[in-house]
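Shown next, in structure tokens, is the structure this report addresses.
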Amino acid sequence: MISHDILVIGGGLAGLTAALTADPKLSVAVISKVHPLRSHSVAAQGGINAALGNNPEGRDDSWEKHAFDTIKGSDYLADQDTAELMCEKAIPALYELEHLGVPFSRFPGAVIAQRPFGGAGFPRTCYAADRTGLVILHTLFEQSMRRQVRFYNELLVTRLVVRQGQCQGVVVCDLTTGEMIPVKARAVIFATGGYGRVYFKTTNAFINHGSGIGIAYRAGVALKDMEFVQFHPTSMIGKNILITEGARGEGGYLVNNKEQRFLADYAPKAMELAPRDIVARAIQTEIDKGNGFNDDYVHLDLRHLGEKKIKKRLPGIREICLNFGGFDPIEKPIPIQPAQHYSMGGIDVDVNCTTSVEGFFAAGECACVSVHGANRLGGNSLLDTVVFGKIAGDQATKFVRGGGNPSSSDRHLEEETIKIKEKIDTWSRRDSGIKIHLMMEKLKLAMSEKVGVFRKKEDLTEGLKIILGLKEDYGHTYLSGKNIKYSQEIVNIFEFEMMLDLAEVIIRGALNREETRGSHFRLDFKERNDKDWLKHTLVVNTENKPEISYKDVNISKYKPVERTY
Ligand SMILES: Cc1cc2nc3c(=O)[nH]c(=O)nc-3n(C[C@H](O)[C@H](O)[C@H](O)COP(=O)(O)OP(=O)(O)OC[C@H]3O[C@@H](n4cnc5c(N)ncnc54)[C@H](O)[C@@H]3O)c2cc1C
-17 MISHDILVIG GGLAGLTAAL TADPKLSVAV ISKVHPLRSH SVAAQGGINA
33 ALGNNPEGRD DSWEKHAFDT IKGSDYLADQ DTAELMCEKA IPALYELEHL
83 GVPFSRFPGA VIAQRPFGGA GFPRTCYAAD RTGLVILHTL FEQSMRRQVR
133 FYNELLVTRL VVRQGQCQGV VVCDLTTGEM IPVKARAVIF ATGGYGRVYF
183 KTTNAFINHG SGIGIAYRAG VALKDMEFVQ FHPTSMIGKN ILITEGARGE
233 GGYLVNNKEQ RFLADYAPKA MELAPRDIVA RAIQTEIDKG NGFNDDYVHL
283 DLRHLGEKKI KKRLPGIREI CLNFGGFDPI EKPIPIQPAQ HYSMGGIDVD
333 VNCTTSVEGF FAAGECACVS VHGANRLGGN SLLDTVVFGK IAGDQATKFV
383 RGGGNPSSSD RHLEEETIKI KEKIDTWSRR DSGIKIHLMM EKLKLAMSEK
433 VGVFRKKEDL TEGLKIILGL KEDYGHTYLS GKNIKYSQEI VNIFEFEMML
483 DLAEVIIRGA LNREETRGSH FRLDFKERND KDWLKHTLVV NTENKPEISY
533 KDVNISKYKP VERTY
């Protein structure tokens, strides 16, 4: 049986950081359903936050100010001690990335360049043109090669095996053969990324089904704050490819069909650089009022920045417009609309990335340590992956070194593997039923239409009904292609079960939360209600039923006040 001390699931920034941090004397391996360099982290454009104070307009910046912006941006749902920890660790984390070889853009004097981003009091987003995720991921991957980290690619984790509250390992499907394989480990770190593809309109990669979050939920681990889904204000119409917030950071305008910079009506001080929840709502409101183009989009105008700046600072955005839109943003404005972008909620972890299962850790977008609360600030997610990826690697090392989970049971892992093999056999044996791609489309549309930027009870209830109907349909699915090697259908059938759970948990949390906070805007409860709702939502899977409870938010320094920009 394949066996390791520490098993990291996911080859994005959180996973690679955890693997590089774990003690190299232990046996450490990374499992990923795709080649690590195809993880969604590679698509991150705009940058990563740290209060370095390199921008002449940001000399007075400090990690405390970064923490305050993060907490205010979160609509006071972030745990304040955790947000402070992340912002303090941001500065050494950035220098560590620089020393590992990340080719950041530079200011004169060769210091790391920093640009303004939404919801930030100072320009503190460090970047490499508009390809920040790509260069960091490649650098960490090179370092992993140098350190001879063991990689298993194209293995899909289907189950987390837990026995008597202790993590035993995982069961994977080798996507090249369709074979089910048990993998034993003393500590498992999930760094499996977000669930963007639970929505129809999303900026996320096709691989982002969020199965890791669902697998943890099925293993009995709580999910936290799942109703908080970030909608990015600026995705290009059509395929909803992201146009980075960096485009507004560099000075881009948002304009409606009356040629007005309409943010003046919504966030008069911050304008286009208000936090994402506010800008996304402003755009959607303009479209709904008839101030959009074709009732579908508004314009992001970069033309006044000039050819030189666009080519130097936003070359990737220009390429996206040329290749996918057929126009040049130097000459024409970009048609944009909001789309799902980020998962604020996730696997419930504490500040050490530990969960309720011994030896099971989580970090990055799949986890909710609660630094983003009800709304994440741009540039804080890449930061989250490197800061908490490192903590997860350290804590898993400590756990194994301290003698945790000494004896996993091979038999138990094998029994779990057989159970999953039997599932594949059932799907294969059927010659008819409901095709998985049809169910997936229905789920995604329901989420985009009923659980979007604006929410209300009737829509959420209808959305829930669709999801519960799909849960019944799922029992009748089948494998229409009988070849199980390199089968996308197998991946979809496995992951869809998890997507259904995630959709249900998101909707139930949203239905219960009768207030408006950050990204969760209820048309029927338009005010934030700290008295009743300044708390985290926790959902646990108890005998296949979601059980909801609530937990206090850590408020240390910053008393919740009204959020204005
Ligand atoms: C287009 C775009 C641009 C962005 N730009 C920025 C930005 O500029 N700044 C910023 O701060 N944030 C940005 N974000 C957000 C940020 O990029 C992500 O939140 C972050 O990179 C997530 O990293 P991660 O390591 O948690 O997960 P990911 O990079 O998504 O990696 C997940 C890994 O898990 C593996 N995996 C998943 N499920 C399974 C399974 N069941 N079995 C095996 N393997 C599995 C995948 O193969 C993958 O390797 C952006 C996001 C998008 C979509």
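Its first residue numbered -17, the sequence shown is counted upward by one per residue in my numbering. Backbone N, C-alpha and C fix where the C-beta goes; we use that ideal spot for every residue, glycine too. Everything numeric in this text was worked out from a predicted model, so none of it was measured.
Notebook entry, point to check: Going by beta carbon distance, what residues of the same chain come within less than 6 Å of V117, once the five residues before and after it are set aside?
Noted result: Here residue 117 corresponds to residue number 135 of the sequence shown, with the count starting at 1. Within the same chain, V117 has close Cβ partners V84, P85 and A110.
Checklist line | Length of the line joining the Cα atoms of G491 and K291 | finding: To locate residue 491, count along the sequence shown from 1; it is residue 509. To locate residue 291, count along the sequence shown from 1; it is residue 309. Cα to Cα, G491 sits roughly 43 Å from K291.
Margin query: Tell me the rounded alpha-carbon separation between P18 and G346.
Written below: Along the sequence shown, one-based indexing puts residue 18 at 36. Along the sequence shown, one-based indexing puts residue 346 at 364. Roughly 15 Å separates the two Cα atoms.
Checklist line | Check whether E496 and R510 have beta carbons under 9 Å apart | finding: The residue you call residue 496 lines up with position 514 of the sequence shown. The residue you call residue 510 lines up with position 528 of the sequence shown. In this structure, R510 does not lie closer than 9 Å to E496 by Cβ.
Margin query: So, at 7 Å on beta carbons, what are the nonlocal neighbours of V382 in its own chain, with the 5 sequence-adjacent residues on each side left out?
Written below: Along the sequence shown, one-based indexing puts residue 382 at 400. Excluding sequence neighbours, V382 sits near D(-13), I(-12), L8, R168 and A169.
Check: Does DSSP put E209 in a helix, in a strand, or in coil?
Finding: Residue 209 sits at position 227 when you count from the first residue of the sequence shown. Correct three-state label for E209: coil.
Next item on the list: Below 6 Å CB to CB, which residues in the same chain sit around T121 once its five sequence neighbours on both sides are set aside?
Entry: Here residue 121 is taken as the residue at index 139 of the sequence shown, counted from 1. Same-chain partners within the cutoff: L82, G83 and V84.
Checklist line | K293 - DSSP class collapsed to helix/strand/coil | finding: As a position in the sequence shown, residue 293 is number 311, starting the count at 1. DSSP places K293 in helix when its eight states are reduced to three.
Notebook entry, point to check: When you compare only the Cα positions, how much space is there between H502 and D207?
Noted result: By 1-based counting over the sequence shown, the position of residue 502 is 520. By 1-based counting over the sequence shown, the position of residue 207 is 225. Using only the alpha carbons, I get a separation of about 10 Å.
Margin query: Tell me the residue span of the beta strand (DSSP E) that contains R141.
Written below: Position 159 of the sequence shown, counted from the first residue, corresponds to residue 141. Start and end: L137 to R145.
Note to self: Could you pull the DSSP bridge partners for V84 from this structure?
What the structure shows: Residue numbering aside, residue 84 sits at position 102 when the sequence shown is read from its first letter. The partner list for V84 (beta bridge, DSSP) is empty, contrary to what the question assumes.
Note to self: Taking only three categories from DSSP, how would you classify F275?
What the structure shows: Working through the sequence shown from its first residue, we reach residue 275 at position 293. Reduced to three states, the DSSP call for F275 is strand.
Note to self: With the cut-off set at 9 Å, would you say D63 and I299 are in Cβ contact?
What the structure shows: Within the sequence shown, numbered from 1, the residue matching residue 63 stands at position 81. Within the sequence shown, numbered from 1, the residue matching residue 299 stands at position 317. In this structure, I299 does not lie closer than 9 Å to D63 by Cβ.
Margin query: Please report the distance separating the alpha-carbon of K464 from that of T408.
Written below: The residue labelled residue 464 in the question sits at position 482 within the sequence shown. The residue labelled residue 408 in the question sits at position 426 within the sequence shown. Spanning the two alpha carbons is a distance of roughly 12 Å.
Note to self: Out of E136, Q125 and S390, which one is the CA nearest neighbour of Y468?
What the structure shows: Translated into the one-based positions of the sequence shown, residue 468 becomes position 486. Among E136, Q125 and S390, the Cα nearest to that of Y468 belongs to E136.
Next item on the list: Using alpha carbons as the reference points, say which of E423, A378 and R437 lies closest to Q266.
Entry: Here residue 266 is taken as the residue at index 284 of the sequence shown, counted from 1. Comparing Cα-Cα distances from Q266 to each of E423, A378 and R437, the minimum goes to R437.
Next item on the list: Return the residue from the list Y58, I312 and N387 that minimises the CA-CA distance to N536.
Entry: As a position in the sequence shown, residue 536 is number 554, starting the count at 1. Comparing Cα-Cα distances from N536 to each of Y58, I312 and N387, the minimum goes to Y58.
Check: Would you call G426 buried or exposed, if buried means 16 or more other Cβ atoms sit within 10 Å of its Cβ?
Finding: Numbered from 1 along the sequence shown, position 444 holds the residue referred to as residue 426. At residue 426 the sequence reads Lys, which differs from the Gly that was named. Classification of K426: buried, given that the 10 Å Cβ count is 16 or more.
Next item on the list: Would you check whether ligand 1 has a heavy atom nearer than 8 Å to the C-beta of E477?
Entry: Locating residue 477 in the sequence shown gives position 495, where the first residue counts as 1. Checking every heavy atom of ligand 1 against the Cβ of E477, one is found closer than 8 Å.
Margin query: So, under 8 Å CB-CB, I219 and I318 are touching, yes? Tell me the CB distance rounded to an integer number of Å.
Written below: For this step, residue 219 is matched to residue 237 along the sequence shown. For this step, residue 318 is matched to residue 336 along the sequence shown. With a Cβ gap of about 7 Å, I219 and I318 count as contacting.
Next item on the list: Would you mind reading off the limits of the beta strand (DSSP E) that contains N536?
Entry: Here residue 536 is taken as the residue at index 554 of the sequence shown, counted from 1. Taken as a continuous stretch (DSSP letters only), N536 belongs to no beta strand (DSSP E), as it is neither H nor E.
Checklist line | R411 - containing alpha helix (DSSP H), residue span | finding: As a working mapping, residue 411 is identified with position 429 in the sequence shown. Start and end: D392 to R411.
Next item on the list: Spell out the partners DSSP gives P18 in its beta bridges.
Entry: If you number the sequence shown from 1, residue 18 lands on position 36. Paired residue(s): none; P18 is not in a bridge.
Checklist line | Backbone CA spacing between D38 and V339 [nearest angstrom] | finding: Within the sequence shown, residue 38 is the residue found at index 56, counting from 1. Within the sequence shown, residue 339 is the residue found at index 357, counting from 1. Here the sequence assigns Pro to residue 38, which means Asp is not the residue at that position. Cα to Cα, the separation comes out at about 47 Å.
Note to self: I need the boundaries of the alpha helix (DSSP H) containing I189, first residue and last residue.
What the structure shows: Here residue 189 corresponds to residue number 207 of the sequence shown, with the count starting at 1. Unbroken run through I189: none, as it is neither H nor E.
Note to self: Here's a check: name, in chain order, each residue in its chain whose Cβ is nearer than 8 Å to the Cβ of L461, leaving out the five neighbours to either side.
What the structure shows: The residue labelled residue 461 in the question sits at position 479 within the sequence shown. Same-chain partners within the cutoff: I406, W409, S410, R412, S469, E471, I472 and I475.
Item checked: Straight-line gap, S235 to D247 (C-alpha atoms, nearest Å) -> On the sequence shown, residue 235 is found 253 positions in, with the first residue counted as 1. On the sequence shown, residue 247 is found 265 positions in, with the first residue counted as 1. It should be noted that the sequence gives Tyr, not Ser, for residue 235. Computed Cα separation, rounded: 14 Å.
Notebook entry, point to check: R41: buried (16+ other C-beta within 10 angstroms of its C-beta) or exposed?
Noted result: Within the sequence shown, numbered from 1, the residue matching residue 41 stands at position 59. By the 10 Å Cβ count, R41 comes out exposed.
Check: DSSP state of F309, grouped into three classes?
Finding: Your numbering for residue 309 matches position 327 in the sequence shown. Residue state, collapsed to three classes: coil.
Margin query: Using a Cβ-Cβ cutoff of less than 7 Å, which residues in the same chain neighbour K453 once the five nearest sequence positions on both sides are dropped?
Written below: Against the sequence shown, residue 453 aligns to sequence position 471. Excluding residues within five positions, the ones whose Cβ falls inside 7 Å are L482.
Note to self: ligand 1 and C350: does the residue's C-beta get closer than 8 Å to at least one heavy atom of that ligand?
What the structure shows: Position 368 of the sequence shown holds residue 350. Outside the cutoff, so no.
Note to self: Could you give the first and the last residue of the continuous alpha helix (DSSP H) run that contains T121?
What the structure shows: Reading the sequence shown from its first residue, position 139 is the one you call residue 121. Taken as a continuous stretch (DSSP letters only), the alpha helix (DSSP H) holding T121 covers T114 to R128.
Notebook entry, point to check: Hey, how far is the Cα of D366 from the Cα of M68?
Noted result: Sequence index remark: in the sequence shown, residue 366 carries index 384 (1-based). Sequence index remark: in the sequence shown, residue 68 carries index 86 (1-based). Approximately 7 Å between the Cα atoms of the pair.
Checklist line | Complete alpha helix (DSSP H) runs within the segment -2 to 61 (minimum length 4 residues, chain order) | finding: 45 to 55
Checklist line | Nearest neighbour of V180, chosen from D277, I195 and L157 [CA to CA] | finding: Here the question's residue 180 lines up with position 198 in the sequence shown. V180 has its Cα closest to that of I195, out of D277, I195 and L157.
Check: Bridge partners of G328, per DSSP?
Finding: As a working mapping, residue 328 is identified with position 346 in the sequence shown. Partner(s): K206.
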